[in-house]
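Novice: Numbering (our numbering), first residue to last: 1 to 372.
#1: Using beta-carbon positions only, say whether residue 159 and residue 339 come within less than 9 Å of one another.
#2: Looking only at its own chain, which residues have a Cβ that is under 6 Å from the Cβ of residue 372, when we skip the five neighbours before and after it?
#3: The beta strand (DSSP E) spanning residue 181 covers which residue range?
#4: Round the Cβ separation of residue 336 and residue 157 to the nearest angstrom and send it over; I've been treating them as touching at under 8 Å.
#5: Measure the Cβ-Cβ separation of residue 191 and residue 204 and say whether it is below 9 Å.
#6: If you draw a straight line from the alpha carbon of residue 319 to that of residue 353, how long is it in whole angstroms?
#7: Give me, in chain order, the residues of the same chain whose beta-carbon lies closer than 6 Å to that of residue 168; leave out the 5 immediate sequence neighbours on both sides.
#8: Within a Cβ cutoff of 7 Å, which residues of the same chain sit near residue 86, ignoring the five residues on either side of it in sequence?
#9: Buried or exposed: which applies to residue 126, given that a residue is buried once 16 or more other Cβ atoms fall within 10 Å of its Cβ?
#10: If you drop the 5 nearest sequence neighbours on each side, which residues of the same chain put their C-beta closer than 8 Å to that of residue 138?
#11: Using only alpha-carbon positions, find the residue among 13, 258, 182 and 36 that is nearest to residue 43.
#12: Using only the alpha-carbon positions, how far apart do residue 196 and residue 63 sit?
#13: Going by C-alpha to C-alpha distance, which of 105, 51 and 194 sits closest to residue 92?
#14: Tell me the residue span of the alpha helix (DSSP H) that contains residue 20.
#15: Would you call the segment 261-279 and the segment 324-333 in contact, with 3 or more CB pairs under 8 Å?
#16: In the DSSP assignment, the beta strand (DSSP E) including residue 7 goes from what residue to what residue?
#17: So what does DSSP say about residue 264, is it helix, strand or coil?
#18: Does residue 282 pass the burial test, meaning 16 or more other C-beta atoms within 10 Å, or should it be called exposed?
#19: Would the beta-carbon of residue 232 fall within 9 Å of that of residue 189?
#20: Are there any heavy atoms of the ligand ADP lying less than 8 Å away from the beta-carbon of residue 220, as far as the coordinates show?
#21: Please classify residue 111: does DSSP put it in a helix, a strand, or coil?
#22: Compare the Cα-Cα distances from residue 154 to each of 179, 90, 3 and 217 and report the closest residue.
#23: Do residue 234 and residue 134 have their CB atoms nearer than 9 Å?
#24: Alpha carbon to alpha carbon, what distance is there between residue 321 and residue 365?
#25: For the beta strand (DSSP E) that residue 230 lies in, which residues bound it at each end?
#26: Mark residue 180 as exposed unless 16 or more other C-beta atoms lie within 10 angstroms of its C-beta, in which case mark it buried.
#27: Work out the CA separation of residue 66 and residue 267 for me, nearest whole Å.
#28: Alpha carbon to alpha carbon, what distance is there between residue 258 and residue 8?
#29: Go ahead and pull the three-state DSSP assignment for residue 411.
#30: Is the separation between the beta-carbon of residue 34 and that of residue 173 shorter than 9 Å?
#31: Return the Cβ separation of residue 209 and residue 48 in integer angstroms, given the expectation that the two are a contact with Cβ distance under 8 Å.
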């Protein structure tokens, strides 16, 4: 049995699978260790939005990273389809970040300048102009930013496409294998300890999302990440009711193929409880009805919940451990794990190969940055 690898990826969600795929493309012998099924947590639950502009309220490193990653998706979709045979269903029909209060109108209009200065397309639509494009929206909508380049993918397909493509390139995938601790010697990582024994590698990447804190604490880092539960539901219309994704405070509406509409997501902090609650779905449904009154006529499909990893400053951890060489961390992506998965894979692969990543300043993402 092989127990030595060029790199061990701990965690088999969309981030871990992207990292493994990027490493495998560079010829490394990689294994993914996942304590449950691949993509069974936040990656499976995500609506798949690529909200590089809608999510960001100001210029900064996360905005730069987000839009660079979003721009990777068109070529990535073709690449993964060729490698894995899986269509990630990349949809580029734009996104509206809508305002339902005058305060939001003022806030969102202020976002236009920094996004245009960055070279992004963004337009302001009045409520009437918006309803001309999306007639099903409520008159409560006062206006919104139109972001033609913010689209969406199928999150489960993206996660599995990364994993299957990685496997095709020789990556070993080991499910139901929990990593309990690291093997740390003489200032560097030497491998991991699992219930099935030890595996050796001088490169270990932690991509365990909301479950990363315990492992990182063992290495001397008291990270600020914490779990946030998001509950969602989906309905089906006989005829598609929306063309673009609708992004609002506390509720998003993502139109999928076949008249399916995903509505999300609640935000309950500091819980790993994945149960869907009546209160959560009722609150979400109420918000959705205010934006899209005709949702009451849709066919109910299902509900679900996912646990997302948030950090104190809302910026992911991306980088090498400050004390243990070869131990890398990629977690804390919160609502942007799907969006940031392509560029995260490339960044970590560069760091493992000791190549400088010059496109974006990674200092704000470092693991040992001051906590808020």
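Yeah, the Cβ is synthetic: ideal placement off N, Cα and C, and Gly gets one too.
Specialist: Reading from the atomic positions:
#1: By 1-based counting over the chain shown, the position of residue 159 is 159. By 1-based counting over the chain shown, the position of residue 339 is 339. Against a cut-off of 9 Å, the Cβ pair of residue 339 and residue 159 comes out as no contact.
#2: Position 372 of the chain shown, counting from 1, holds the residue named residue 372. Confidence at residue 372 is low in this model, with a pLDDT of 42, below 50, so its placement is unreliable and the value that follows should be read with caution. Correct list, in chain order: 312 and 313.
#3: Within the chain shown, numbered from 1, the residue matching residue 181 stands at position 181. Judged by DSSP secondary structure, residue 181 falls within the beta strand (DSSP E) whose first and last residues are 179-185.
#4: What you label residue 336 is simply residue 336 of the chain shown in a count that begins at 1. What you label residue 157 is simply residue 157 of the chain shown in a count that begins at 1. Not really, about 18 Å apart at Cβ, beyond 8 Å.
#5: What you label residue 191 is simply residue 191 of the chain shown in a count that begins at 1. What you label residue 204 is simply residue 204 of the chain shown in a count that begins at 1. A contact, by the Cβ cut-off of 9 Å.
#6: Against the chain shown, residue 319 aligns to sequence position 319. Against the chain shown, residue 353 aligns to sequence position 353. Those two C-alpha atoms are separated by around 13 Å.
#7: Here residue 168 refers to the residue found at position 168 of the chain shown. If we look at residue 168 and ignore the five residues flanking it on each side, its Cβ neighbours are 83.
#8: Residue 86 sits at position 86 when you count from the first residue of the chain shown. Result list for residue 86: 80, 157, 160, 161 and 164, in chain order.
#9: Looking up residue 126 in the chain shown gives position 126. Burial call: exposed.
#10: The residue labelled residue 138 in the question sits at position 138 within the chain shown. Excluding residues within five positions, the ones whose Cβ falls inside 8 Å are 290, 291, 292 and 293.
#11: Indexing the chain shown from 1 puts residue 43 at position 43. Among 13, 258, 182 and 36, the Cα nearest to that of residue 43 belongs to 13.
#12: Here residue 196 is taken as the residue at index 196 of the chain shown, counted from 1. Here residue 63 is taken as the residue at index 63 of the chain shown, counted from 1. Cα to Cα, the separation comes out at about 41 Å.
#13: As a working mapping, residue 92 is identified with position 92 in the chain shown. Minimum Cα distance to residue 92 is reached at 51.
#14: Position 20 of the chain shown, counted from the start, is the residue given in the question as residue 20. Residue 20 -> alpha helix (DSSP H) spans 14-25.
#15: no
#16: What you label residue 7 is simply residue 7 of the chain shown in a count that begins at 1. Unbroken beta strand (DSSP E) run through residue 7: 7-10.
#17: Numbered from 1 along the chain shown, position 264 holds the residue referred to as residue 264. Residue state, collapsed to three classes: strand.
#18: Sequence index remark: in the chain shown, residue 282 carries index 282 (1-based). A residue is called buried when at least 16 other Cβ atoms come within 10 angstroms of its Cβ; residue 282 does not meet this threshold and is exposed.
#19: One-based indexing of the chain shown puts residue 232 at position 232. One-based indexing of the chain shown puts residue 189 at position 189. Not a contact, by the Cβ cut-off of 9 Å.
#20: Ligands are entirely absent from the displayed structure, and the ligand ADP is therefore not among its contents.
#21: The sequence position of residue 111 within the chain shown is 111, counting from 1. Correct three-state label for residue 111: helix.
#22: As a working mapping, residue 154 is identified with position 154 in the chain shown. Out of 179, 90, 3 and 217, 90 has the C-alpha closest to the C-alpha of residue 154.
#23: By one-based count along the chain shown, residue 234 stands at place 234. By one-based count along the chain shown, residue 134 stands at place 134. Result no, Cβ atoms of residue 234 and residue 134 do not sit closer than 9 Å.
#24: As a position in the chain shown, residue 365 is number 365, starting the count at 1. As a position in the chain shown, residue 321 is number 321, starting the count at 1. Residue 365 and residue 321: Cα-Cα distance of roughly 12 Å.
#25: In the chain shown, counting from the first residue as 1, residue 230 sits at position 230. Here the beta strand (DSSP E) through residue 230 covers 226-236.
#26: Counted from its first residue, the chain shown places residue 180 at position 180. Exposed is the call here.
#27: Mapped onto the chain shown, residue 267 falls at position 267. Mapped onto the chain shown, residue 66 falls at position 66. Whole-angstrom Cα-Cα distance: 21 Å.
#28: By 1-based counting over the chain shown, the position of residue 8 is 8. By 1-based counting over the chain shown, the position of residue 258 is 258. Whole-angstrom Cα-Cα distance: 39 Å.
#29: Coverage of the chain is limited to positions 1 through 372, which leaves residue 411 absent and any answer about it impossible.
#30: Numbered from its first residue, the chain shown carries residue 34 at position 34. Numbered from its first residue, the chain shown carries residue 173 at position 173. Yes, the pair counts as a contact, with Cβ atoms nearer than the cut-off.
#31: Translated into positions along the chain shown, residue 209 becomes position 209. Translated into positions along the chain shown, residue 48 becomes position 48. Going by Cβ atoms, the distance from residue 209 to residue 48 rounds to 16 Å, so no, they are not a contact pair.
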